Amino acid sequence: MLYPIQLLKLKLMADGLAVSSRVREALSSRPLTLADYATTSGMSLVLGEDVWVNAPLRDYNPNFVSESPPHILDLESSEYVVLSDGQTFPARPIPVPDYHDEKNNSEEPYTSYAITHTNIAISERGSTVSSTPSRGPWWTRRSRPGTS
Numbered sequence: 008m009l010y011p012i013q014l015l016k017l018k019l020m021a022d023g024l025a026v027s028s029r030v031r032e033a034l035s036s037r038p039l040t041l042a043d044y045a046t047t048s049g050m051s052l053v054l055g056e057d058v059w060v061n062a063p064l065r066d067y068n069p070n071f072v073s074e075s076p077p078h079i080l081d082l083e084s085s086e087y088v089v090l091s092d093g094q095t096f097p098a099r100p101i102p103v104p105d106y107h108d109e110k111n112n113s114e115e116p117y118t119s120y121a122i123t124h125t126n127i128a129i130s131e132r133g134s135t136v137s138s139t140p141s142r143g144p145w146w147t148r149r150s151r152p153g154t155s
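Read in order, the letters of the sequence shown correspond to residues 8 to 155 in the working numbering.
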C-alpha cells in the first residue's frame with residue numbers, strides 16, 4: 008500500500024500541477040523549468056522529506072495537463088505546500104541551476120554543454136554524471152520565499 012505522499016507523486020505525474028501566483032512571484036528570479044525535453048518540462052519538487060517528482064505544468068504540457076489541475080503548489084506561512092484532495096503536503100521546489108542563462112567567453116550558453124535534471128547532469132554528448140544533490144553548487148543556493 009502506498010503512503011499518501013507517494014500516491015500524491017503518482018497523481019502529480021498523471022494530472023500535472025498548478026502553481027499559485029504567490030509561488031510564481033517567490034520563484035521569479037529563475038524559470039520554473041528549463042522545459043527543453045518532455046521529461047524536463049515539469050517542475051521538480053521534493054515532497055515531504057524524500058519523495059522526488061517532476062510534476063508536469065500546463066505552461067509546457069497543455070496536451071495533457073488540464074486548465075485547472077487538482078493539485079496546487081502554494082505558499083502557506085512562508086512554506087511551500089501542495090494542496091491536493093483536501094490535504095496539505097510539504098514540498099520543496101528544486102530550482103533551475105543558477106547558470107541557466109549564463110554564457111561562456113565565446114557567448115555560448117552553458118546549457119549548450121550540459122543541463123541538470125535535479126540530481127544528474129547530461130552533457131551534449133549524452134554522458135550522464137550523477138551528483139549528490141546536497142553537495143552540488145547549484146543546490147546550495149536554493150530559493151526560499153523572500154530570498155533569491
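We put the CB at the ideal spot given by N, CA and C, even for glycine.
These numbers come from a predicted model, not from an experiment.
Coarse secondary structure for residue i, derived from DSSP in three states
i, result
"Ile12", "helix"
"Glu83", "strand"
"Asn126", "With a pLDDT of 48 at Asn126, under the threshold of 50, the predicted position of this residue should be treated as unreliable, though the coordinate-derived value follows. Reduced to three states, the DSSP call for Asn126 is coil."
"Leu19", "helix"
"Thr40", "coil"
"Asn112", "coil"
"Ser134", "Caution is warranted here: a pLDDT of 45 is assigned to Ser134, below 50, making its placement in the model unreliable, and no coordinate value can be reported."
Nearest candidate by alpha-carbon position, reference residue i, set the options
i, options, result
"Pro77", "Lys110, Met20, Ser119 and Arg37", "Met20"
"Gly93", "Asp105, Ile79 and Glu86", "Ile79"
"Asn70", "Gly55, Ser48 and Trp59", "Ser48"
"Asp66", "Val60, Glu74 and Trp59", "Glu74"
"Gln13", "Glu32, Leu52 and Val30", "Leu52"
"Val30", "Tyr10, Ala42, Pro11 and Ser84", "Ser84"
Cβ distance (whole Å) where residue i is taken to contact residue j below 8 Å
i, j, result
"Ser27", "Leu82", "7 Å"
"Pro97", "Gly55", "6 Å"
"Lys110", "Pro104", "Not confirmed; about 14 Å, so no contact."
"Ser16", "Val72", "The residue asked about is misnamed: residue 16 is Lys in this sequence, not Ser. So it is not a contact: roughly 16 Å between Cβ atoms."
Residue span of the beta strand (DSSP E) that contains residue i, given as start and end
i, result
"Ser91", "Glu86 to Ser91"
"Ser51", "Gly49 to Leu54"
"Pro63", "Val58 to Pro63"
"Thr95", "Gln94 to Pro100"
Start and end residues, alpha helix (DSSP H) containing residue i
i, result
"Val30", "Ser28 to Ala33"
Beta-carbon spacing of residue i, residue j below 8 Å
i, j, result
"Met50", "Leu24", "yes"
"Thr95", "Leu64", "no"
"Ser91", "Lys18", "yes"
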